[in-house]
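A.B. asks:
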Amino acid sequence: MKNLLGLLISVALGILIVLALDVSESFPDFGSVEVSERVAEEYFDEDNVNEVGSGNIVTAVVVGYRGFDTLGEVTVLFISALGVALIIGSSKNQKRLDLKFKPNFMLKTGSRIVFGIILITSLYIITHGHLTPGGGFPGGAMIASGMLLLYLADDEFRSNIKGFKILEGLAGSLFVVIGLLGLLLATYFLQNFLPTGAVGDLLSAGIVPIIYILIGLKVGSEISGVIDNFLTEEESA
Amino acid sequence: MFDIISIVIGVIILVLAFLALNSKSLIKAVLFLSGISMLAVVLFVIMRAPDVAITEAVIGSGLVTALFVFTLLSVKKEEVK
Chain A
138 MKNLLGLLIS
148 VALGILIVLA
158 LDVSESFPDF
168 GSVEVSERVA
178 EEYFDEDNVN
188 EVGSGNIVTA
198 VVVGYRGFDT
208 LGEVTVLFIS
218 ALGVALIIGS
228 SKNQKRLDLK
238 FKPNFMLKTG
248 SRIVFGIILI
258 TSLYIITHGH
268 LTPGGGFPGG
278 AMIASGMLLL
288 YLADDEFRSN
298 IKGFKILEGL
308 AGSLFVVIGL
318 LGLLLATYFL
328 QNFLPTGAVG
338 DLLSAGIVPI
348 IYILIGLKVG
358 SEISGVIDNF
368 LTEEESA
Chain B
538 MFDIISIVIG
548 VIILVLAFLA
558 LNSKSLIKAV
568 LFLSGISMLA
578 VVLFVIMRAP
588 DVAITEAVIG
598 SGLVTALFVF
608 TLLSVKKEEV
618 K
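Here it is in structure tokens:
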């Protein structure tokens, strides 16, 4: 009964917010915004639009032209996470660090709500990485800071670290697989083999959004794993 | 206009850095460091580098501060003889 009431209230509030934003004049319709006018014009240049198709030239360099460098960066992060896991996370029976204070009910529930908002914002930043500033790395770090918030606010919280490890490995291998597909279908490693589409659409810029989503998942799960390793300790049997 | 804002923010960053170095309590030093990151975000936005600003906001003032605070919470204080 209580859950049903909560569901009803949240659905009603959601509809209210959507309706309120929908009639507002200052809020343009989804997809009808000319992104090239909003992103700093100096960074918008024709060659980049024809070749990579991203909304700004920073993304075009980071993922389009220098995709191999980005793969190297992700590898560096992977190696550091591996080192942390080897040094302080290798023993079998781990228990999480005790907090000095007892978190009350409001703190626990409030942190869950804020975590949802952080997660949605980070997913927005990751999926719109080819249109707006941001992208995989900041979005992933944002997911990880949300996990850290849950750890700080709840003294019994423990994330599913095994799932993170699987997600991280899967995302990393898919990155390499997409690079190899570029080698196979086009001429060189990590080359764009999909149509670039119109600048400003969510599904544009070829492989750039796919790679950013993979990077975001990988970075998020990696840093969350590092945080879990930091905040757990060996059980003194 | 932006020049004046940049100079003011730069001076505040220097003052905060000085305070962070000289403060007796460690947790205050961490908070001053977080303030430096926050102001650096404003500077990056003024310099039209929103990518760097987002990264600095997430890592500099979010993750690093939280990790420092958690570490300080779990470190035990002992008297030095």
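Line by line, the protein sequences are chains A and B. Per our numbering, residue 138 is the first one in the first sequence, and the count goes up by one each step. Per our numbering, residue 538 is the first one in the second sequence, and the count goes up by one each step. Heads up, the beta-carbon is just placed ideally off N, CA and C, and yes, glycines get one too.
1. Compare the C-beta of Gly271 (chain A) with all C-beta atoms of chain B and state if any pair is closer than 8 Å.
2. Just tell me which of A:Glu370, A:Gly309, A:Asp291, A:Gly272 has its CA closest to the CA of Thr246 (chain A).
3. Closer than 7 Å, Cβ to Cβ, to anything on chain B: give me those residues from the segment 194-205 of chain A, in chain order.
4. May I ask you to report which of helix, strand or coil DSSP gives Thr269 (chain A)?
5. Going along the chain, which residues of its own chain have a beta-carbon closer than 8 Å to the beta-carbon of Ile364 (chain A), five neighbours each way excluded?
6. Between Leu556 (chain B) and Phe569 (chain B), is the Cβ-Cβ spacing less than 8 Å?
7. Does DSSP put Lys139 (chain A) in a helix, a strand or coil?
8. Per DSSP, what are the beta-bridge partners of Lys232 (chain A) in this structure?
9. Where Ile358 (chain A) and Phe301 (chain A) are concerned, what is the direct C-alpha to C-alpha distance, given to the nearest angstrom?
10. Taking only beta-carbon positions, decide if Ile564 (chain B) is within less than 8 Å of chain A.
11. Specify the secondary structure class of Tyr325 (chain A) as computed by DSSP and reduced to three states.
12. So if I threshold CB-CB distances at 7 Å, which residues from the segment 274-289 of chain A count as touching chain B?
13. Examine chain A for any beta-carbon lying closer than 8 Å to the beta-carbon of Ala603 (chain B), and answer yes or no.
14. Starting from the Cα of Leu368 (chain A), find the closest Cα among A:Gly343, A:Ala222, A:Pro332, A:Ser248 and give me that residue.
15. Mind listing which residues of the segment 234-250 of chain A have their C-beta closer than 9 Å to chain B's C-betas, in chain order?
16. Cβ closer than 8 Å: which chain A residues qualify as neighbours of Gly599 (chain B)?
17. Tell me whether Phe330 (chain A) sits in a helix, a strand or coil according to DSSP, three-state version.
18. Could you check what DSSP says for Gly343 (chain A) in three-state terms: helix, strand or coil?
19. Taking the alpha-carbon of Ile303 (chain A) as reference, which of A:Gly362, A:Phe274, A:His267 has the nearest alpha-carbon?
20. Cβ of Ser147 (chain A) within 8 Å of Cβ of His267 (chain A)?
21. Using a beta-carbon distance below 8 Å, is Ser571 (chain B) in contact with chain A?
22. Beta carbon of Ala323 (chain A), beta carbon of Leu354 (chain A): below 8 Å?
23. Determine whether the beta carbon atoms of Ala590 (chain B) and Val601 (chain B) lie at a separation below 8 Å.
24. What span of residues does the alpha helix (DSSP H) with Met243 (chain A) cover, start to end?
25. What are the start and end residues of the alpha helix (DSSP H) that includes Leu219 (chain A)?
26. Here's the rule I'm using: 16 or more other beta-carbon atoms within 10 Å means buried, otherwise exposed. How should Thr212 (chain A) be labelled?
27. Would you mind working out which of B:Ser560, B:Ile550, B:Met584, B:Ile564 sits nearest Phe607 (chain B), comparing C-alpha positions?
28. So Gly273 (chain A) packs on Ile263 (chain A), CB below 8 Å; how close in whole Å?
29. May I ask which residues mark the beginning and end of the alpha helix (DSSP H) holding Gly572 (chain B)?
30. With a cut-off of 8 Å on the beta carbons, I'd call Gly204 (chain A) and Ile348 (chain A) a contact; round off their distance for me.
31. Which same chain residues, not among the five before or five after Lys239 (chain A), have their C-beta less than 8 Å away from its C-beta?
32. Could you have a look at Leu278 (chain A) and say whether DSSP puts it in helix, strand or coil?
33. Enumerate in chain order the residues of its own chain whose CB-to-CB distance from Gly276 (chain A) is below 6 Å, with the five nearest sequence positions on each side excluded.
C.D. replies: Taking the geometry as given:
1. For this step, residue 271 (chain A) is matched to residue 134 along the first sequence. Answer yes: the Cβ-Cβ gap between Gly271 (chain A) and chain B drops below 8 Å somewhere.
2. Along the first sequence, read from residue 1 onward, the residue named residue 246 (chain A) stands at position 109. The shortest C-alpha separation from Thr246 (chain A) is found at A:Asp291.
3. Listed in sequence order: Val195.
4. Here residue 269 (chain A) refers to the residue found at position 132 when the first sequence is read from its first residue. Of the three classes helix, strand and coil, the one that applies to Thr269 (chain A) here is coil, per DSSP.
5. Counted from its first residue, the first sequence places residue 364 (chain A) at position 227. By the criterion of a C-beta distance shorter than 8 Å, Ile364 (chain A) is surrounded in its chain by Ala281, Met284, Leu285, Tyr288, once the five residues flanking it on both sides are discounted.
6. Residue 556 (chain B) sits at position 19 when you count from the first residue of the second sequence. Residue 569 (chain B) sits at position 32 when you count from the first residue of the second sequence. In terms of Cβ geometry, Leu556 (chain B) and Phe569 (chain B) form a close pair [threshold 8 Å].
7. What you label residue 139 (chain A) is simply residue 2 of the first sequence in a count that begins at 1. In this structure, Lys139 (chain A) counts as helix in the three-state DSSP scheme.
8. Working through the first sequence from its first residue, we reach residue 232 (chain A) at position 95. A:Glu370, per the DSSP bridge assignment.
9. By one-based count along the first sequence, residue 358 (chain A) stands at place 221. By one-based count along the first sequence, residue 301 (chain A) stands at place 164. The amino acid at residue 358 (chain A) is misidentified as Ile; the sequence shows Ser. The alpha-carbon atoms of Ser358 (chain A) and Phe301 (chain A) are separated by roughly 5 Å.
10. The residue given as residue 564 (chain B) occupies position 27 in the second sequence. So no, Ile564 (chain B) is outside the interface.
11. On the first sequence, residue 325 (chain A) is found 188 positions in, with the first residue counted as 1. Assignment of Tyr325 (chain A) by DSSP, reduced to helix, strand and coil, places it in the coil class.
12. Cβ contacts with chain B: Phe274, Pro275, Ala278, Met279, Ala281, Ser282, Leu285, Leu289.
13. Here the question's residue 603 (chain B) lines up with position 66 in the second sequence. At least one chain A Cβ lies under 8 Å of Ala603 (chain B).
14. Taking the first sequence and counting its residues from 1, one reaches residue 368 (chain A) at position 231. The candidate whose alpha carbon is nearest that of Leu368 (chain A) is A:Ala222.
15. The residues in question are Leu234, Asp235, Leu236, Lys237, Phe238.
16. Position 62 of the second sequence holds residue 599 (chain B). Chain A residues near Gly599 (chain B): Ala278, Met279, Ser282.
17. Position 193 of the first sequence, counted from the first residue, corresponds to residue 330 (chain A). Phe330 (chain A) carries a coil assignment under DSSP once its states are collapsed to helix, strand and coil.
18. To locate residue 343 (chain A), count along the first sequence from 1; it is residue 206. It is coil, neither helix nor strand.
19. Here the question's residue 303 (chain A) lines up with position 166 in the first sequence. For Ile303 (chain A), the closest C-alpha among the options A:Gly362, A:Phe274, A:His267 is that of A:Gly362.
20. In the first sequence, the residue the question calls residue 147 (chain A) occupies position 10. In the first sequence, the residue the question calls residue 267 (chain A) occupies position 130. The answer is no: Cβ separation not under 8 Å.
21. Mapped onto the second sequence, residue 571 (chain B) falls at position 34. Among the residues facing chain A, Ser571 (chain B) is not included, as its CB has no counterpart in that chain under 8 Å away.
22. Position 186 of the first sequence, counted from the start, is the residue given in the question as residue 323 (chain A). Position 217 of the first sequence, counted from the start, is the residue given in the question as residue 354 (chain A). Not in contact: Ala323 (chain A) and Leu354 (chain A) (Cβ atoms no closer than 8 Å).
23. By 1-based counting over the second sequence, the position of residue 590 (chain B) is 53. By 1-based counting over the second sequence, the position of residue 601 (chain B) is 64. Against a cut-off of 8 Å, the Cβ pair of Val601 (chain B) and Ala590 (chain B) comes out as no contact.
24. On the first sequence, residue 243 (chain A) is found 106 positions in, with the first residue counted as 1. Residue range 242-264 is occupied by the alpha helix (DSSP H) that includes Met243 (chain A).
25. Numbered from its first residue, the first sequence carries residue 219 (chain A) at position 82. For Leu219 (chain A), the uninterrupted alpha helix (DSSP H) run begins and ends at 204-225, by DSSP.
26. Position 75 of the first sequence, counting from 1, holds the residue named residue 212 (chain A). Result: exposed.
27. Residue numbering aside, residue 607 (chain B) sits at position 70 when the second sequence is read from its first letter. Measuring from the Cα of Phe607 (chain B), the nearest candidate turns out to be B:Ile564.
28. The residue labelled residue 273 (chain A) in the question sits at position 136 within the first sequence. The residue labelled residue 263 (chain A) in the question sits at position 126 within the first sequence. With 8 Å as the limit, Gly273 (chain A) and Ile263 (chain A) qualify as a contact, their Cβ atoms being about 6 Å apart.
29. Within the second sequence, the letter at position 35 stands for residue 572 (chain B). Here the alpha helix (DSSP H) through Gly572 (chain B) covers 563-583.
30. As a working mapping, residue 204 (chain A) is identified with position 67 in the first sequence. As a working mapping, residue 348 (chain A) is identified with position 211 in the first sequence. The Cβ separation is near 7 Å, so the contact holds.
31. Position 102 of the first sequence holds residue 239 (chain A). Residues of the same chain with a CB within less than 8 Å of the CB of Lys239 (chain A), apart from the 5 flanking positions on each side, are Asp292 in chain order.
32. As a first step, residue 278 (chain A) must be located in the first sequence, where it is residue number 141. Rather than Leu, the amino acid found at residue 278 (chain A) in this sequence is Ala. Note: Ala278 (chain A) maps to helix in three-state DSSP.
33. Reading the first sequence from its first residue, position 139 is the one you call residue 276 (chain A). Only Ser259, Ile262, Ile263, Gly353 meet the Cβ criterion.
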